[in-house]
Structures are given as structure tokens and as C-alpha cells.
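Novice: Numbering (the working numbering), first residue to last: 567 to 765. Each residue gets a CB set at the ideal place from its N, CA and C atoms; glycine is no exception.
1) For residue 698, I'd like the list of residues in its chain whose CB is within less than 6 Å of its CB, leaving aside the five on either flank, ordered along the chain.
2) Buried or exposed, going by whether 16 or more other CB atoms sit within 10 Å of the CB of residue 733?
3) Could you name the residues of the same chain whose beta carbon sits closer than 6 Å to that of residue 577, not counting the 5 residues immediately before and after it, in chain order?
4) To the nearest angstrom, report how far apart residue 600 and residue 738 are at their CA atoms.
5) What residue from 638, 594 and 584 has the CA that sits closest to residue 626's CA?
6) Comparing alpha-carbon positions, which option in 640, 708 and 592 lies nearest residue 575?
7) Start and end of the beta strand (DSSP E) containing residue 686?
8) Please classify residue 652: does DSSP put it in a helix, a strand, or coil?
9) Considering only residues of the same chain and omitting the five flanking positions on each side of residue 660, which have a CB-CB separation below 6 Å?
10) Classify residue 695 as helix, strand or coil using the three-state DSSP reduction.
11) Counting C-beta neighbours from all protein chains within 10 Å, is the total for residue 654 16 or more, i.e. buried, or is it exposed?
12) Measure the Cβ-Cβ separation of residue 620 and residue 642 and say whether it is below 9 Å.
13) State the Cα-Cα distance for the pair residue 581 and residue 568, rounded to the nearest angstrom.
14) Quick one: what does DSSP say residue 582 is sitting in, helix, strand or coil?
15) Using a Cβ-Cβ cutoff of less than 8 Å, which residues in the same chain neighbour residue 740 once the five nearest sequence positions on both sides are dropped?
16) On the premise that residue 608 lies in contact with residue 629, defined as a C-beta separation below 8 Å, what is that separation, rounded to the nearest angstrom?
17) Is it true that the CB of residue 649 sits closer than 9 Å to the CB of residue 622?
18) Measuring CB to CB, does residue 666 end up less than 9 Å from residue 691?
19) Determine the burial state of residue 571: buried for a count of at least 16 other Cβ atoms within 10 Å of its Cβ, exposed for fewer.
20) Going by Cα to Cα distance, which pick from 695, 714 and 729 is closest to residue 672?
21) Going along the chain, which unbroken runs of the beta strand (DSSP E) with 3 or more residues stay wholly within the region 567-654?
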């Protein structure tokens, strides 16, 4: 399909190259749908529900998500720049359980205070993402570039950052119990401590 209408319920549909104009408002429910090379840039997704959906090579940059939910949804090779995820509906069962980002661009996004246990951010570019107060326990950041992303009182218990890069995490201001790190990137953690390192 290449059209989407408001106030509709869609099941097991494939949407290819759907392009919604900036500032368009969309309200609809999608179950087990695939979105391929679609554009939702600067679109207002008002209380949309995406359950078990996949976004492949899509652009949702600057989309607004008030009341949206994404249980068991994954994003692959997509652009999700400048999104405030805190506006979405996180009370929906399964939203935080299986949501995942793979080979995506997540720059300038906000995840402040969200419950994101088991979050998957794999091989992504996540520059200047705000993870403050976020529960990222058991999250996997494998292969992800976290340059200038903000961590403050972030729960990274058992999180895997062993293959992440360019992060700056203060061990005194975050929860790092049993989190996985690897050298040389893990040296950045030591630089945040009040110690003297000698070559």
C-alpha cells in the first residue's frame, strides 16, 4: 500500500514509499505492519499505535509522538532525529520490552526518565541523546556511537557497552553495577574520576 488514512485500523499490511507532508496529523492503529522507505518527517502522529511493526529505511525525524505506543516494534536503517520519546504512551504493555533500533540515526533525541530495560540500540549513531534518569538496565549498545550523549542518574545495571564508543559516563553519577565495558573506550570512565592517571 502507498496510502494511509486517518482513524483506520491496519493489519498485516506493507506500506512502501508512503510520504506524509510535514505538519500532517495522522491517527491510526497498525498491527504487524511493515513500513519500507516511508517518510514521516515532522508529522504529528497523534495517539497512533504500532504493535509488532517494523520500520525499514524510514525517516521519522522531528516527528511528534503524543500518546503513541510502539509495543514490540523495531526500527532498522531509519532516521529518528530530534524525537522526544517522552511524549509517547509508555503504559502500553510491551512498549519498552521489545522496542529496538538497529543501524539507525537517533541524534538529538530525548529519553529522559523512561523505563527502557532490555533496550536494543545496535550499530546506531546516537549523538547528543539524553538518557538522564532513564532505566537502561540490561540494554545493549553494541556498535553504537554515543558521542556527546548525556548520562545522569542513568541505570546501566548489566548494560552492555563493551562495543560502544565515544561515550562519557561518570561512574559517580550513574548506576553501573555489572555493566560491561571494554578498553580502550572504558578509559573515559576513569577520566571522570578524581584520580591521576600516569602513562
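Specialist: For this structure:
1) Against the chain shown, residue 698 aligns to sequence position 132. Answer for residue 698: 678, 716 and 718, listed in chain order.
2) Counting from one through the chain shown, the residue named residue 733 turns up at place 167. Buried, since its Cβ has 16 or more Cβ neighbours within 10 Å.
3) In the chain shown, residue 577 corresponds to position 11, counting from 1. Hits under 6 Å: 597.
4) Reading the chain shown from its first residue, position 34 is the one you call residue 600. Reading the chain shown from its first residue, position 172 is the one you call residue 738. Answer to the nearest angstrom: the Cα atoms are 42 Å apart.
5) Within the chain shown, residue 626 is the residue found at index 60, counting from 1. When only C-alpha atoms are compared, the closest one is 584.
6) For this step, residue 575 is matched to residue 9 along the chain shown. Ranking the options by Cα distance to residue 575, first place goes to 592.
7) Walking along the chain shown from the start, residue 686 turns up at place 120. First-last of the beta strand (DSSP E) with residue 686: 686-688.
8) To locate residue 652, count along the chain shown from 1; it is residue 86. In the structure shown, residue 652 sits in a helix (DSSP, three-state: H, G or I).
9) In the chain shown, residue 660 corresponds to position 94, counting from 1. Here residue 660 scores only 49 on pLDDT, less than 50, and its place in the model is too uncertain to base an answer on.
10) For the purposes of this step, residue 695 is taken as the residue at position 129 of the chain shown. Correct three-state label for residue 695: coil.
11) Here residue 654 corresponds to residue number 88 of the chain shown, with the count starting at 1. Label assigned to residue 654: buried.
12) What you label residue 620 is simply residue 54 of the chain shown in a count that begins at 1. What you label residue 642 is simply residue 76 of the chain shown in a count that begins at 1. Contact flag set, yes.
13) On the chain shown, residue 581 is found 15 positions in, with the first residue counted as 1. On the chain shown, residue 568 is found 2 positions in, with the first residue counted as 1. Each residue's Cα considered, the two are about 6 Å apart.
14) The residue labelled residue 582 in the question sits at position 16 within the chain shown. Strand.
15) For this step, residue 740 is matched to residue 174 along the chain shown. Result list for residue 740: 717, 718, 719, 720, 721 and 722, in chain order.
16) Counting from one through the chain shown, the residue named residue 629 turns up at place 63. Counting from one through the chain shown, the residue named residue 608 turns up at place 42. Between residue 608 and residue 629 the Cβ distance is about 7 Å, and since that is below 8 Å, they are a contact.
17) Numbered from 1 along the chain shown, position 56 holds the residue referred to as residue 622. Numbered from 1 along the chain shown, position 83 holds the residue referred to as residue 649. Their beta carbons are not under 9 Å apart, which means residue 622 does not touch residue 649 by this criterion.
18) Mapped onto the chain shown, residue 666 falls at position 100. Mapped onto the chain shown, residue 691 falls at position 125. Not in contact: residue 666 and residue 691 (Cβ atoms no closer than 9 Å).
19) Along the chain shown, one-based indexing puts residue 571 at 5. Classification for residue 571: exposed.
20) Here residue 672 refers to the residue found at position 106 of the chain shown. Considering only alpha carbons, the answer is 695.
21) 575-577, 580-582, 595-597, 600-602, 615-617, 620-622 and 640-642
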